[in-house]
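Each residue of the sequence shown is one higher than the one before, counting from 376 in the working numbering.
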Amino acid sequence: MAQRAVQQELEVDQYTLGLVGPDQEWAGTVADGGTVRTHTPPACWGPMITPSFRGGHEVTRPIAVEGASVGDAIAIHIEDVEVTSVATSTGSMAEREGAFGDDPFVDHRCPECGASWPESVVEGTGEDAIRCAECGANASSFGFEYGYSVVFDEDRTVGLTLDDAAADELAQDARQNMAIPENSRQHPILLYKPSEMPGTLGHLRPFVGNIGTTPPIELPDSHNAGDFGQFLVGAEHDWGVESEDELAERTDGHMDSNDVRAGAVLICPVKVDGGGLYVGDLHANQGDGELSLHTTDVSGKTTLTVEVIEGLDIDGPLLLPNEEDLPHIAKPYSTEELETGRELAERHGVELEDEMGPIQVVGSGATVNDATENAFDRAGKLLDMTEGEVRGRCTFTGGVEIARLPGVVQLTLLAPMALLEERGLADLVRSQYGL
């Protein structure tokens with residue numbers, strides 16, 4: 376990483392071509408306690424249909440945080456998430472045979488001339504609009520199995536799915552309607568103009584789908600997680616890994632958790648010096664599990680403040696969501712509940728553990744069960760608990776939520792503040808929940 380001046384505020388509008396890792400060009404260095412502002416293009420569908428991309432997203436170049444060293448963590452306070460697109464297209468995907476090698480998200484090739492990661496041009500609209508610049512063939516790896524286009528209201532509070540004519544109209548000026556940033560290299564998915572499910576109204580609540588720190592090995596940005604990372608095992612392209620054990624180097628930035636929104640605090644491991652914070656894959660909305668594997672990808676702006684937590688030494692992300700996003704039984708105790716608890720404790724001769732704080736541990740794996748086991752392991756290491764105690768506390772004071780199928784989860788529990796104090800997390804938890 377080249378030496379750069381430390382900035383109290385850093386604006387980032389340059390992106391990778393679908394990769395995260397130490398070989399990517401760095402965007403700059405922000406002060407510990409400083410502010411990062413980003414304007415990012417949509418992820419998923421745009422990069423997926425653009426053959427020159429090496430991964431399924433278009434995230435920012437990595438950002439160094441002053442003083443962050445391997446073994447530390449970075450707390451990312453998500454101050455604001457603003458959607459700038461006025462419309463998008465999404466749905467469930469269909470792979471186009473012959474347009475990829477091992478992996479349709481990564482290993483792109485022209486089905487006619489065989490060029491790898493070919494440059495492409497746009498000719499018209501629809502699913503055959505992305506053409507190889509060399510031979511003119513349809514070079515995109517993906518189409519829609521079932522797709523729809525969505526337009527947003529001015530305040531980005533609701534979205535409406537469109538019919539054929541309205542979707543076609545938006546496709547005529549797809550780049551502007553999706554507010555694709557100047558330095559983005561993707562083709563806008565509105566070009567495909569899908570129009571199934573017209574007239575459906577959806578609630579919007581924007582969040583960041585891929586945000587985290589740089590892994591110590593190069594990975595496709597969409598595969599920086601234990602579930603999508605399975606596509607890399609045994610792959611013959613440049614980013615293939617020999618075994619699942621190598622996926623332990625991931626930092627699980629690709630979470631697709633709809634709780635990673637304004638007001639939340641995300642705590643990420645530092646696995647390369649400087650941390651290498653990156654941001655992308657903003658979504659206008661998404662139900663738990665992201666059941667189509669894709670949702671409303673949008674351009675948007677984020678405002679983040681960062682702070683280094685020395686020596687936390689975590690393997691994957693922790694999340695302090697907004698209190699309203701916590702499971703009911705994981706919310707901080709009210710004054711009345713504590714009073715009742717003290718009365719019960721006195722009656723039964725038990726010492727009440729009255730200082731508890733919510734925390735979520737993110738886990739990922741090939742399946743939801745694997746992801747939950749991963750979260751159990753991470754929580755046990757973080758809090759020095761047996762798996763039995765983790766399971767017990769999560770059952771009695773928390774739970775497991777599915778961020779994305781097939782395998783990203785958030786494991787929630789109320790943890791003793793004394794343990795959080797030992798791990799350097801107590802002040803963050805107290806501030807987040809007014810404890």
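Positions of the beta carbon are idealized from the N, C-alpha and C atoms, including for glycine.
On a predicted model such as this, the values are computed, not experimentally measured, just so you know.
Rounded to the nearest angstrom, what separates residue i and residue j at their Cα positions?
i	j	result
residue 392	residue 787	34 Å
residue 641	residue 635	7 Å
residue 409	residue 766	37 Å
residue 433	residue 390	6 Å
residue 396	residue 676	23 Å
residue 550	residue 557	10 Å
residue 651	residue 628	11 Å
residue 726	residue 712	15 Å
residue 741	residue 601	6 Å
residue 430	residue 623	19 Å
residue 626	residue 728	33 Å
residue 426	residue 494	7 Å
residue 799	residue 730	15 Å
residue 501	residue 517	12 Å
residue 584	residue 797	30 Å
residue 437	residue 400	7 Å
residue 439	residue 540	46 Å
Which term fits residue i, buried or exposed, when burial requires 16 or more other beta carbons within 10 angstroms of its beta carbon?
i	result
residue 724	exposed
residue 499	exposed
residue 380	exposed
residue 721	exposed
residue 537	buried
residue 645	buried
residue 561	buried
residue 576	exposed
residue 681	buried
residue 526	buried
residue 673	buried
Determine the DSSP secondary structure at residue i, reduced to helix, strand or coil.
i	result
residue 806	helix
residue 425	coil
residue 642	strand
residue 578	strand
residue 756	helix
residue 739	strand
residue 475	strand
residue 552	helix
residue 801	helix
residue 633	coil
residue 407	strand
residue 386	strand
residue 648	coil
residue 666	coil
residue 543	helix
residue 586	strand
residue 593	coil
Is any heavy atom in the ligand COA found nearer than 7 Å to the beta carbon of residue i?
i	result
residue 500	In the structure on display, the ligand COA does not appear, and there are no ligands present to speak of.
Could you tell me which uninterrupted beta strand (DSSP E) segments, each at least 3 residues in length, are contained entirely in the region 502 to 537, listed from first to last along the chain?
-> 505 to 507, 517 to 527, 533 to 536
Flag this pair as touching only if the region 480 to 497 and the region 528 to 546 have three or more C-beta atom pairs under 8 Å; answer yes or no.
-> no
Contact between the region 746 to 758 and the region 604 to 619: three or more CB pairs below 8 Å?
-> no
Meets three-Cβ-pair contact criterion under 8 Å: the region 505 to 512 and the region 451 to 462 = no
Residue ranges of each beta strand (DSSP E) within the region 429 to 469, 3 or longer = 438 to 440, 448 to 458
Three or more C-beta pairs below 8 Å linking the region 732 to 740 and the region 687 to 707 | yes
Which runs of the beta strand (DSSP E) fall wholly inside the region 756 to 790 and span at least 3 residues, in chain order?
-> 774 to 779
Please determine if the region 648 to 667 and the region 583 to 598 are in contact, where contact requires at least 3 C-beta pairs separated by less than 8 Å.
-> yes
4 or more residues per run - each alpha helix (DSSP H) lying fully within the region 685 to 746 = 710 to 723
Segment contact flag, the region 766 to 776 with the region 787 to 798, C-beta cutoff 8 Å, min 3 pairs = yes
Is there contact between the region 462 to 469 and the region 664 to 675, where contact requires at least three CB pairs shorter than 8 Å?
-> yes
Could you tell me which uninterrupted alpha helix (DSSP H) segments, each at least 4 residues in length, are contained entirely in the region 598 to 629, listed from first to last along the chain?
-> none
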